[in-house]
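Chemist: Each step along the sequence shown adds one to the number in the working numbering, with nothing skipped, and position 421 is 421.
We put the beta carbon where it would ideally sit given N, CA and C, even for glycine.
Quick caveat: nothing in here was measured; it's all calculated off a predicted structure.
Just passing along the structure, written as structure tokens.
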Amino acid sequence: MRYIKVLLLCVFSAFCVAAVTVPSGLVAQTSQTQSGQPDYNLWDRVASRADNLLADENTTLEQLDSLSSELFDWRQKFLAAQSINSERITTLRNQIETLGPKPAEGEAEEAPEIAERRSELNSQLNTLLTPVRRAEEAFTQVNGLIGEVDALLIERQTNRVLELGPSPLMPATWNDTAKDVSRFVTQVRREVVNNFNSPIKRKQLHDNLPVIVVLLVVAGLLILRSNAWIDKGLNYLRKRESSSRAGYRVGVFFISLVSMALPILGLSGLIEAADQSMLTSRVGDMLLRILSATVIILFVSRWLGQQVFPAAFPPRPILNLSARLLGRGRRLAVAAGILLALRIGIRRLGEEGFLSDAAIAVLGFPILLLGGYVLFRLARLMTSANEKLAEVEDDAEAEVKAEAPVGLILRFLSRGTILLAVIGPLLGLIGYRYAGNMLVFSALQTVALVGLVAVLQRLARDTYALFVGDDRLEDGLIPVILSFALTILATPFFLLIWGARTTQLQEAWTVVATGFQIGSTRISPTDFLTFAIIFAIGYMLTRFLQGALKTQVLPKTRIDTGGRNAIISGTGYVGIFLAAVIAITTAGIDLSSLAIVAGALSVGIGFGLQTIVSNFVSGIILLIERPVSEGDWIEVGGTMGVVKDISVRATRIETFDRRDVIVPNADLISTSVTNWTKGNLSGRLIVPVGVAYGSDTRKVQEILQGVAEDHPVVILRPPPSVFFIGFGADSLDFEIRAILRDVNHTLSAQTEMRHNIVKRFEEEGIEIPFAQRDVWLRNPEVLQQAAPQQEPPEDPTPKGPREDLELSDPSDDSSDAPEGDDAPQP
Numbered sequence: 001m002r003y004i005k006v007l008l009l010c011v012f013s014a015f016c017v018a019a020v021t022v023p024s025g026l027v028a029q030t031s032q033t034q035s036g037q038p039d040y041n042l043w044d045r046v047a048s049r050a051d052n053l054l055a056d057e058n059t060t061l062e063q064l065d066s067l068s069s070e071l072f073d074w075r076q077k078f079l080a081a082q083s084i085n086s087e088r089i090t091t092l093r094n095q096i097e098t099l100g101p102k103p104a105e106g107e108a109e110e111a112p113e114i115a116e117r118r119s120e121l122n123s124q125l126n127t128l129l130t131p132v133r134r135a136e137e138a139f140t141q142v143n144g145l146i147g148e149v150d151a152l153l154i155e156r157q158t159n160r161v162l163e164l165g166p167s168p169l170m171p172a173t174w175n176d177t178a179k180d181v182s183r184f185v186t187q188v189r190r191e192v193v194n195n196f197n198s199p200i201k202r203k204q205l206h207d208n209l210p211v212i213v214v215l216l217v218v219a220g221l222l223i224l225r226s227n228a229w230i231d232k233g234l235n236y237l238r239k240r241e242s243s244s245r246a247g248y249r250v251g252v253f254f255i256s257l258v259s260m261a262l263p264i265l266g267l268s269g270l271i272e273a274a275d276q277s278m279l280t281s282r283v284g285d286m287l288l289r290i291l292s293a294t295v296i297i298l299f300v301s302r303w304l305g306q307q308v309f310p311a312a313f314p315p316r317p318i319l320n321l322s323a324r325l326l327g328r329g330r331r332l333a334v335a336a337g338i339l340l341a342l343r344i345g346i347r348r349l350g351e352e353g354f355l356s357d358a359a360i361a362v363l364g365f366p367i368l369l370l371g372g373y374v375l376f377r378l379a380r381l382m383t384s385a386n387e388k389l390a391e392v393e394d395d396a397e398a399e400v401k402a403e404a405p406v407g408l409i410l411r412f413l414s415r416g417t418i419l420l421a422v423i424g425p426l427l428g429l430i431g432y433r434y435a436g437n438m439l440v441f442s443a444l445q446t447v448a449l450v451g452l453v454a455v456l457q458r459l460a461r462d463t464y465a466l467f468v469g470d471d472r473l474e475d476g477l478i479p480v481i482l483s484f485a486l487t488i489l490a491t492p493f494f495l496l497i498w499g500a501r502t503t504q505l506q507e508a509w510t511v512v513a514t515g516f517q518i519g520s521t522r523i524s525p526t527d528f529l530t531f532a533i534i535f536a537i538g539y540m541l542t543r544f545l546q547g548a549l550k551t552q553v554l555p556k557t558r559i560d561t562g563g564r565n566a567i568i569s570g571t572g573y574v575g576i577f578l579a580a581v582i583a584i585t586t587a588g589i590d591l592s593s594l595a596i597v598a599g600a601l602s603v604g605i606g607f608g609l610q611t612i613v614s615n616f617v618s619g620i621i622l623l624i625e626r627p628v629s630e631g632d633w634i635e636v637g638g639t640m641g642v643v644k645d646i647s648v649r650a651t652r653i654e655t656f657d658r659r660d661v662i663v664p665n666a667d668l669i670s671t672s673v674t675n676w677t678k679g680n681l682s683g684r685l686i687v688p689v690g691v692a693y694g695s696d697t698r699k700v701q702e703i704l705q706g707v708a709e710d711h712p713v714v715i716l717r718p719p720p721s722v723f724f725i726g727f728g729a730d731s732l733d734f735e736i737r738a739i740l741r742d743v744n745h746t747l748s749a750q751t752e753m754r755h756n757i758v759k760r761f762e763e764e765g766i767e768i769p770f771a772q773r774d775v776w777l778r779n780p781e782v783l784q785q786a787a788p789q790q791e792p793p794e795d796p797t798p799k800g801p802r803e804d805l806e807l808s809d810p811s812d813d814s815s816d817a818p819e820g821d822d823a824p825q826p
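Below you can see the structure in the form of structure tokens.
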């Protein structure tokens with residue numbers, strides 16, 4: 001999948017270049033002078049034209065929308081002009097302030113040199129403030145004009161939506177529709193015939209014939225051979241499917257893009273060839289443009305349907321549906337694309353004046369009705385997918401899935417689209433054409449955009465799994481964050497679908513980019529982004545430095561393991577702290593105004609988090625003093641084990657039965673801790689030994705001394721010792737005390753010593769005693785009397801619980817025999 005990774009990098013690079021490159025066709029006419037200041041003469045003409053358009057009742061929505069975009073650009077220029085020479089102005093004001101306040105009346109006059117310098121600085125300051133004040137005044141003017149245009153746009157849009165037009169059921173509108181359609185067809189036919197009969201047009205057709213032939217050949221190749229090329233690409237991916245399933249799915253996705261683009265390019269070539277034939281003019285050219293948009297919409301909707309409702313794996317279906325329902329979804333997607341293209345074409349013909357309102361209502365109502373039907377069927381598919389999502393055996397799991405984002409989105413979309421699919425055609429039937437079309441086709445575009453976002457989220461997960469090299473990580477944290485980012489980026493497109501204008505989105509972004517005020521500090525998304533990037537760089541450098549210390553530097557020193565871990569942890573704390581400080585400083589976030597509030601909060605939080613703070617400080621002390629280090633064998637609070645990790649709040653100890661015990665760091669500082677391996681691994685070993693009475697004690701001591709000295713783990717300096725420690729109830733008690741080189745081998749050393757002791761005692765005839773006890777029976781005559789009365793059971797196999805006779809302890813003072821129910825029964 002190396003080629004797929006290269007392709008992804010190329011596509012991403014091209015996207016970044018396209019995102020930051022401004023097309024030359026979109027660059028407006030220059031509105032700035034050579035000095036970089038706005039052209040106020042040009043602005044005066046624009047402002048006058050804006051006043052005229054606002055006063056004219058016949059101004060269309062399109063003209064107002066274009067004017068709003070133009071005014072927004074001017075406002076951005078004036079806003080930037082207010083910052084001209086800002087640094088120089090600040091310097092001059094500081095200089096004037098340094099000269100001190102101007103003497104008041106009645107006070108002594110200042111020195112002539114100071115007065116002259118003050119006058120000179122004030123003159124320079126006024127010169128620099130003149131363009132700033134002009135920009136501020138123009139900014140106020142353009143801001144007011146934008147408000148007036150926005151208010152008028154909202155009013156006109158509301159009136160259009162609520163406008164009651166002709167009903168498509170009125171017979172009078174049918175005749176007007178037939179006339180408009182006939183007139184349009186006649187215009188197209190007359191235009192083609194006139195152009196064909198024109199010698200000039202035929203001359204141009206003859207001159208363009210080579211271009212037309214090339215376009216036809218290329219278009220034919222793209223249309224006829226595209227399927228064969230796509231099959232070759234898929235076969236290549238199938239051969240490499242075993243390497244990475246995620247890479248396979250990513251490859252199929254890009255091949256699907258190619259399969260969509262090739263027919264579009266081919267049909268666009270045919271349309272361009274028709275345009276180069278010079279047989280069309282105004283009407284024909286407009287029809288060709290509508291046809292081009294129709295081709296693009298049709299193939300994009302077909303591609304989106306194949307991605308959301310795939311016929312086979314890969315790609316994975318977005319919705320968990322059966323093969324029959326997936327096929328229905330693909331057909332509905334194509335139908336929605338066709339209806340949307342027809343609606344755009346009819347609206348365009350109406351805007352150009354070829355169709356009247358009555359004709360638009362009659363021709364658009366069947367499209368609106370079919371659009372409502374398609375929307376309703378898509379809603380039913382989403383309902384089926386939501387029901388399939390909740391079909392699990394566990395009720396708790398079903399509830400969790402129902403409350404998941406996918407389930408909530410499907411439930412909201414399915415219910416909302418069903419409602420809109422019914423209301424939209426009813427409004428169109430009554431005569432509210434704009435309202436009906438907006439509800440139905442905006443809902444269709446919303447469903448399409450949701451599907452596109454879901455497809456891109458799936459691509460993000462597969463791409464991440466491909467680059468990481470593990471298909472199991474496609475549902476990890478990073479893909480979830482990428483999916484959330486795609487959802488946020490799609491929000492402006494949702495707003496545009498439902499009637500928001502580009503200028504409104506730009507205005508909202510300007511407000512967001514300006515940020516919000518906290519005290520005297522203004523924080524904007526740019527500051528957050530700068531902080532996040534700088535902190536991420538500092539964090540990565542800290543981790544890189546920790547890795548270098550751990551693997552390259554510290555192993556070559558004589559520092560012990562605990563010291564190395566302390567240095568690495570300390571480097572991490574210091575690095576993260578410095579990264580945070582540098583990020584805050586670089587982002588320009590001034591937190592000085594929050595010092596008092598932060599101090600008060602810290603006091604309150606300190607009381608509530610004093611235990612956590614105590615553990616944190618204790619963790620720092622542990623890393624500095626290192627009474628306990630990772631790998632030490634310690635005992636604290638009745639817990640014995642090996643220290644595995646010392647974190648900020650607690651220390652993790654692994655006991656010898658492989659259990660983890662989390663001990664707060666404060667306990668390691670405030671309580672007694674036994675560290676068996678601090679400083680060195682040597683430790684004392686005690687082996688108790690008992691021999692029978694009558695044994696030669698000197699010989700026993702000599703044997704035990706030899707066993708201890710012969711063991712390889714025992715240190716001979718100081719030498720091991722054997723002590724005769726006492727006379728036991730059953731044995732003569734001895735004790736071996738020795739120092740081991742490694743206290744971790746205590747149990748193995750004890751085991752080997754005991755084996756050697758048993759072997760030497762057997763060779764020397766020394767006995768190891770064991771306890772002997774005499775058992776006394778109280779009242780044995782009772783047992784003798786009860787024995788003859790017992791009859792043998794008919795079945796030797798016991799059928800009930802076994803009853804044992806009670807044995808009396810000789811120490812029992814009771815001398816009475818059991819009587820009554822307590823006596824043994826035959």
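Go ahead and pull the three-state DSSP assignment for SER24.
Modeler: Looking up residue 24 in the sequence shown gives position 24. Since pLDDT at SER24 reaches only 35, below the 50 mark, its modelled position is unreliable, and the value read off the structure follows with that caveat. Annotated three-state conformation of SER24 is helix, per DSSP.
Chemist: How is the alpha helix (DSSP H) around ASN675 delimited, first residue to last?
Modeler: Position 675 of the sequence shown, counted from the first residue, corresponds to residue 675. Taken as a continuous stretch (DSSP letters only), ASN675 belongs to no alpha helix (DSSP H), being part of the beta strand (DSSP E) at 673-675.
Chemist: Exposed or buried, SER123, counting other C-beta atoms within 10 Å across all chains shown (16 or more means buried)?
Modeler: As a working note, residue 123 is residue 123 in the sequence shown. SER123 is exposed by the Cβ-count criterion.
Chemist: Taking 7 angstroms as the CB-CB cut-off, is LEU319 touching chain C?
Modeler: The structure shown contains no chain C, having only a single protein chain.
Chemist: Does the segment 193-209 come close enough to the segment 366-384 that 3 or more CB-CB pairs lie under 8 angstroms?
Modeler: no
Chemist: What are the complete alpha helix (DSSP H) segments, minimum 4 residues, inside the segment 710-781?
Modeler: 746-764
Chemist: Within 10 Å of its beta-carbon, does VAL400 have 16 or more other beta-carbons around it, so buried, or fewer, so exposed?
Modeler: Residue 400 sits at position 400 when you count from the first residue of the sequence shown. Its pLDDT being 43, under 50, VAL400 is placed unreliably by the model, and the measurement read from it follows with that caveat. Under this definition VAL400 is an exposed residue.
Chemist: Measure the C-alpha to C-alpha separation of PRO173 and ALA358 and round it to an integer number of angstroms.
Modeler: On the sequence shown, position 173 is the one that residue 173 refers to. On the sequence shown, position 358 is the one that residue 358 refers to. A small fix is needed here, since residue 173 is Thr in this sequence, not Pro. Their Cα atoms are separated by approximately 5 angstroms.
Chemist: I'd like to confirm the pairing. Which residues does DSSP put opposite VAL636 in its beta bridges?
Modeler: The count along the sequence shown starts at 1 and reaches residue 636 at position 636. Answer by DSSP bridge pairing, in chain order: THR639, VAL673.
Chemist: Does the beta-carbon distance from VAL661 to THR639 come in below 7 angstroms?
Modeler: If you number the sequence shown from 1, residue 661 lands on position 661. If you number the sequence shown from 1, residue 639 lands on position 639. Yes, Cβ-Cβ distance for VAL661 and THR639 is below 7 angstroms.
Chemist: For a quick check, are the C-beta atoms of LEU342 and ILE367 less than 7 angstroms apart?
Modeler: To locate residue 342, count along the sequence shown from 1; it is residue 342. To locate residue 367, count along the sequence shown from 1; it is residue 367. Yes, the pair counts as a contact, with Cβ atoms nearer than the cut-off.
Chemist: Below 7 angstroms CB to CB, which residues in the same chain sit around LEU486 once its five sequence neighbours on both sides are set aside?
Modeler: Numbered from its first residue, the sequence shown carries residue 486 at position 486. VAL453, LEU456, GLN457, ALA460, listed in sequence order.
Chemist: Applying the 10 Å Cβ sphere with the 16-neighbour rule, what's the burial state of MET170?
Modeler: The residue you call residue 170 lines up with position 170 of the sequence shown. Residue burial is scored here from C-beta neighbours: MET170 has fewer than 16 other C-beta atoms within 10 angstroms and is therefore classed as exposed.
Chemist: What does a CB cutoff of less than 8 angstroms around VAL673 pick up in its chain, not counting 5 residues either side in sequence?
Modeler: To locate residue 673, count along the sequence shown from 1; it is residue 673. Excluding residues within five positions, the ones whose Cβ falls inside 8 angstroms are PRO627, VAL628, ILE634, GLU635, VAL636.
Chemist: Going straight from the alpha carbon of GLN701 to that of ASP730, what length do you get?
Modeler: Along the sequence shown, read from residue 1 onward, the residue named residue 701 stands at position 701. Along the sequence shown, read from residue 1 onward, the residue named residue 730 stands at position 730. Cα-Cα distance, rounded: 18 angstroms.
Chemist: Compare the Cα-Cα distances from ARG501 to each of PHE528, ALA443, GLN63, PHE253 and report the closest residue.
Modeler: Counted from its first residue, the sequence shown places residue 501 at position 501. Among PHE528, ALA443, GLN63, PHE253, the Cα nearest to that of ARG501 belongs to GLN63.
Chemist: Could you pull out every residue in the same chain whose Cβ sits closer than 8 angstroms to the Cβ of GLU764, ignoring the five residues on either side in sequence?
Modeler: Along the sequence shown, one-based indexing puts residue 764 at 764. Correct list, in chain order: LYS699, ILE703.
Chemist: Is it a yes or a no for the segment 279-289 touching the segment 220-235, going by three-plus beta-carbon pairs under 8 angstroms?
Modeler: Cβ pair count under 8 angstroms is below three, so no.
Chemist: Thinking C-beta only, is PHE734 closer than 7 angstroms to PHE727?
Modeler: Translated into positions along the sequence shown, residue 727 becomes position 727. Translated into positions along the sequence shown, residue 734 becomes position 734. It is not a contact, given that the beta carbons lie outside the stated cut-off.
Chemist: Count the C-beta pairs between the segment 612-622 and the segment 643-659 that are closer than 8 angstroms, then say yes if the count reaches three, no if not.
Modeler: yes
Chemist: Please report the residue range of the alpha helix (DSSP H) in which ALA219 lies.
Modeler: Here the question's residue 219 lines up with position 219 in the sequence shown. In the DSSP annotation of this structure, the continuous segment of the alpha helix (DSSP H) that includes ALA219 starts and ends at 209-239.
Chemist: Let's test the definition: count the other Cβ atoms within 10 Å of the Cβ of ALA583 and tell me whether it reaches 16, buried, or not, exposed.
Modeler: Translated into positions along the sequence shown, residue 583 becomes position 583. Of the other Cβ atoms in all chains shown, 16 or more fall within 10 Å of the Cβ of ALA583; this residue is therefore buried.
Chemist: Just to confirm my understanding: we take LEU681, look at its own chain, exclude 5 residues before and 5 after, and list those with CB closer than 8 angstroms. What are they?
Modeler: Numbered from 1 along the sequence shown, position 681 holds the residue referred to as residue 681. For LEU681, where only same-chain residues beyond five positions count, the Cβ hits under 8 angstroms are ARG741, ASP742, VAL743, ASN744.
Chemist: Taking Cβ positions, are LEU265 and LEU298 nearer each other than 7 angstroms?
Modeler: Locating residue 265 in the sequence shown gives position 265, where the first residue counts as 1. Locating residue 298 in the sequence shown gives position 298, where the first residue counts as 1. For LEU265 and LEU298, no; Cβs fall outside 7 angstroms.
Chemist: Where does LEU685 fall in DSSP's three states?
Modeler: As a working note, residue 685 is residue 685 in the sequence shown. In this structure, LEU685 counts as strand in the three-state DSSP scheme.
Chemist: What does the alpha-carbon distance come out to for the pair THR746 and THR551?
Modeler: Your numbering for residue 746 matches position 746 in the sequence shown. Your numbering for residue 551 matches position 551 in the sequence shown. Their backbone Cα atoms lie some 32 angstroms apart in a straight line.
Chemist: Just the Cα atoms here: how many angstroms apart are ARG331 and GLY305?
Modeler: The count along the sequence shown starts at 1 and reaches residue 331 at position 331. The count along the sequence shown starts at 1 and reaches residue 305 at position 305. Each residue's alpha carbon lies about 8 angstroms from the other.
Chemist: Is any heavy atom in the ligand ZN found nearer than 6 angstroms to the beta carbon of TYR248?
Modeler: Ligands displayed in this structure: none; no statement on the ligand ZN is therefore possible.
Chemist: Assign LYS102 to one of three DSSP states: helix, strand, or coil.
Modeler: Position 102 of the sequence shown, counting from 1, holds the residue named residue 102. Three-state result, LYS102: coil.
Chemist: So, ILE739 versus VAL722, is the Cβ gap smaller than 7 angstroms?
Modeler: If you number the sequence shown from 1, residue 739 lands on position 739. If you number the sequence shown from 1, residue 722 lands on position 722. No.
Chemist: Applying the 10 Å Cβ sphere with the 16-neighbour rule, what's the burial state of ASP632?
Modeler: Here residue 632 refers to the residue found at position 632 when the sequence shown is read from its first residue. Residue environment: ASP632 is assigned as buried (16 or more neighbouring CB atoms within 10 Å of its CB, all protein chains considered).
Chemist: Whole angstroms are fine: how far does the CA of ILE589 sit from the CA of PRO525?
Modeler: Taking the first residue of the sequence shown as 1, we reach residue 525 at position 525. Taking the first residue of the sequence shown as 1, we reach residue 589 at position 589. If you take the alpha carbons of PRO525 and ILE589, they lie about 12 angstroms apart.
Chemist: Less than 6 angstroms between C-beta atoms, sequence neighbours within five positions excluded: which residues of the same chain meet that for PRO664?
Modeler: Numbered from its first residue, the sequence shown carries residue 664 at position 664. Taken in chain order, the residues that qualify are ASN615, ALA650.
Chemist: Along the chain, where does the alpha helix (DSSP H) that runs through ILE114 open and close?
Modeler: On the sequence shown, position 114 is the one that residue 114 refers to. Note, ILE114: alpha helix (DSSP H), 112-161.
Chemist: Return the residue from the list VAL252, VAL295, GLY679, LEU340 that minimises the CA-CA distance to GLU272.
Modeler: Start at 1 with the first residue of the sequence shown, and residue 272 comes out as number 272. For the residues VAL252, VAL295, GLY679, LEU340, the minimum Cα distance to GLU272 belongs to VAL295.
Chemist: If you measure between the beta carbons of ALA579 and GLY538, is that distance less than 7 angstroms?
Modeler: Taking the first residue of the sequence shown as position 1, residue 579 is located at position 579. Taking the first residue of the sequence shown as position 1, residue 538 is located at position 538. Going by C-beta atoms, ALA579 is nearer than 7 angstroms to GLY538.
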